[in-house]
RNA sequence: GCGGACAUGGUCUAGUGGUUAUGACAGUAGGUUCCCAACCUGCUAACCCGGGUUCAACUCCCGGUGUCCGCACCA
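Residue numbers (the numbering used here): 5 to 577.
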């Protein structure tokens, strides 16, 4: 083994580099912080994590996968609120050169800081706000911190301003009308999308934890807020660590089953509860240590104004507790905002009443014979305004305001008052959306962190990556004990049989001693090794070695391959 | 973004203003051994980038980039 740093995290990162799992990007040119590469081994792991994530959600039946561009026109991100929020105003202190967010500095001096313009913020700043570090108040000019990567669609002057998406979610909101049709116009349904997201972090640190370009996997689940899906939670009998809202009545960490948490009112929304449970399942399935998972509820104060129950799933590792999944009830905020900004009428869903409802409505029926001659070209607008009246005036004549802002006088003969009975079979409403958003790189880091095991073997340090077979880079290693007497050929043959099985990938290694080869595959987390030896030549049996306890058994080749295909090799032991 | 430390083969490191720049591990070729990183021999492979000082810079100075540690930031 090479030199061992005294920090576990250093030894782990060094292994990940050495074995081609995760490495800094563009190192040839000095590297770029916040960007990483997945090497040949890491890319396999990432692919498997992504695939099991997609499989986990699409197997449910009412969730489908979509894919939309990373390049996003500015108007979309204005509507979503990203263009405003991602441009935090920053200011530097002339005394100690510290950088601060203006809104944080003036927090105590103004109640409604969110409503202030940049000019007003600067004005308040110059009233003698002190630097929290050095107590001076010599502030530099205010500048914006753009946390999105901006670009342009079209190379020439007329190019349209755009950004690299900071989340994949907006693409799914754009596809809402298509999804609504796909699901035969019935809620609930969901869409997932995996892909890259981009944030120009001020100071990315901690390796894979804060990246500038990162792998996301997001799910938008559209529901009727008056009829939220309440899947049964009885299948989840294990307790989950919850850290409820510190300002709420349930503050303090607790270990509790998900259905208890829902009935106790800790988790406020039944669909959110279901997503917490399903998220737990996914994480355990890809090999996260269940004792190092917890769900932390956002305090009412830190929650975005539109959301009403948000949970972060945090994983514990070398960097402490890190937020890896955010499960938010975004309510109708996004769809409504896109409806307002785009003017589209397709962002709603239909709610059928159980019983048709009749209503008596007073209406003014326009009289075209009288309106036409009176208003000529504007008559159309007048009729439209009359039909859109929500309150029918008591008396005639009255002033009617048109959509262009002008008003006209409506007299008796221009419209007839009438009571109409209308039967309503349902109504249009804006669906709510529950969004679980997964940071895949952070999850992969914790899979590696939790799997990395340092032991000793005959006084030597020995590392094993105890990856779940669901995410291991190779399913099996095929090792000829000697590369002679035809063992190499038999091994190649076994390998190609493995590789021809759907979804399976094996690796062959015939160099150096057998112990060294076991060590190499242990280090990258290959769960099984098949060794071809002299007996194989005689009877077709091989040694199967289990990574986690180094136990080995003798089995017929065909049996191992069969069990590899069904994921049941462990039953042979 | 600020301050401090650091930057040498794939990994971890030694070292110097001057001619072939250490060592270990890994890799590789051969020998030997054979079910847990054995051994022997050979080989491959590095001074972060740009400028300056100097007869001469991997070494000293400045700038950049990157990493780590604090501060700030993390929607």
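Backbone N, C-alpha and C fix where the C-beta goes; we use that ideal spot for every residue, glycine too.
Test item: CB-CB of residue i and residue j under 8 Å
i, j, result
"residue 280", "residue 331", "yes"
"residue 17", "residue 174", "no"
"residue 197", "residue 69", "yes"
"residue 540", "residue 505", "no"
"residue 45", "residue 475", "no"
"residue 290", "residue 313", "no"
"residue 83", "residue 337", "no"
"residue 422", "residue 386", "no"
"residue 260", "residue 244", "yes"
"residue 225", "residue 192", "yes"
"residue 441", "residue 222", "yes"
"residue 467", "residue 511", "no"
"residue 232", "residue 273", "yes"
"residue 195", "residue 58", "no"
"residue 429", "residue 357", "yes"
Top-ranked residue by Cα proximity to residue i, from the options
i, options, result
"residue 342", "370, 178, 210 and 24", "178"
"residue 10", "458, 531 and 564", "458"
"residue 366", "181, 356, 238 and 398", "398"
"residue 412", "52, 420, 418 and 403", "403"
"residue 376", "460, 417, 337 and 304", "417"
"residue 170", "162, 220, 525 and 360", "220"
"residue 324", "429, 277, 290 and 213", "213"
"residue 30", "451, 20, 316 and 42", "42"
"residue 502", "514, 519, 482 and 520", "482"
"residue 472", "489, 19 and 452", "452"
"residue 176", "22, 74 and 357", "74"
"residue 218", "37, 87, 538 and 532", "37"
"residue 478", "252, 513, 228 and 12", "513"
"residue 545", "555, 151, 364 and 564", "564"
Span of the beta strand (DSSP E) around residue i
i, result
"residue 536", "532 to 536"
"residue 451", "Counting along the chain, residue 451 falls outside any beta strand (DSSP E), though it belongs to the alpha helix (DSSP H) covering 444 to 455."
"residue 41", "40 to 42"
"residue 219", "217 to 227"
"residue 202", "193 to 202"
"residue 266", "That residue, residue 266, is in no beta strand (DSSP E); its alpha helix (DSSP H) goes 262 to 267."
"residue 502", "Taken as a continuous stretch (DSSP letters only), residue 502 belongs to no beta strand (DSSP E), being part of the alpha helix (DSSP H) at 491 to 503."
"residue 484", "480 to 484"
"residue 27", "26 to 28"
"residue 412", "411 to 414"
"residue 402", "402 to 405"
"residue 67", "67 to 69"
Exposed unless 16 or more other CB atoms sit within 10 angstroms - verdict on residue i
i, result
"residue 189", "exposed"
"residue 449", "buried"
"residue 118", "Unreliable placement is indicated for residue 118, whose pLDDT of 47 sits below 50; the coordinate value is still reported in the next sentence. Counting Cβ neighbours within 10 Å, residue 118 comes out exposed, since fewer than 16 surround it."
"residue 560", "exposed"
"residue 446", "buried"
"residue 436", "buried"
"residue 405", "exposed"
"residue 256", "exposed"
"residue 535", "buried"
"residue 116", "For residue 116, the predicted model reports a pLDDT of 48, less than 50, meaning its position is unreliable and no value from the coordinates is stated."
"residue 15", "buried"
"residue 455", "buried"
"residue 208", "buried"
Residues sharing a beta bridge with residue i, DSSP
i, result
"residue 320", "325"
"residue 432", "354"
"residue 154", "167"
"residue 556", "549"
"residue 246", "258 and 299"
"residue 9", "DSSP, once it has assigned bridges, lists no residue as partnering residue 9."
"residue 469", "456"
"residue 82", "Beta-bridge pairing links residue 82 to no other residue."
"residue 312", "DSSP output for residue 312 lists no bridge partner at all."
"residue 461", "464"
"residue 366", "423"
"residue 510", "480"
"residue 439", "332"
"residue 361", "428"
Residue range of the unbroken alpha helix (DSSP H) whose run includes residue i
i, result
"residue 564", "561 to 570"
"residue 180", "180 to 186"
"residue 281", "274 to 289"
"residue 522", "518 to 527"
"residue 343", "337 to 346"
"residue 74", "Element bounds for residue 74: n/a, residue is neither H nor E."
"residue 372", "372 to 379"
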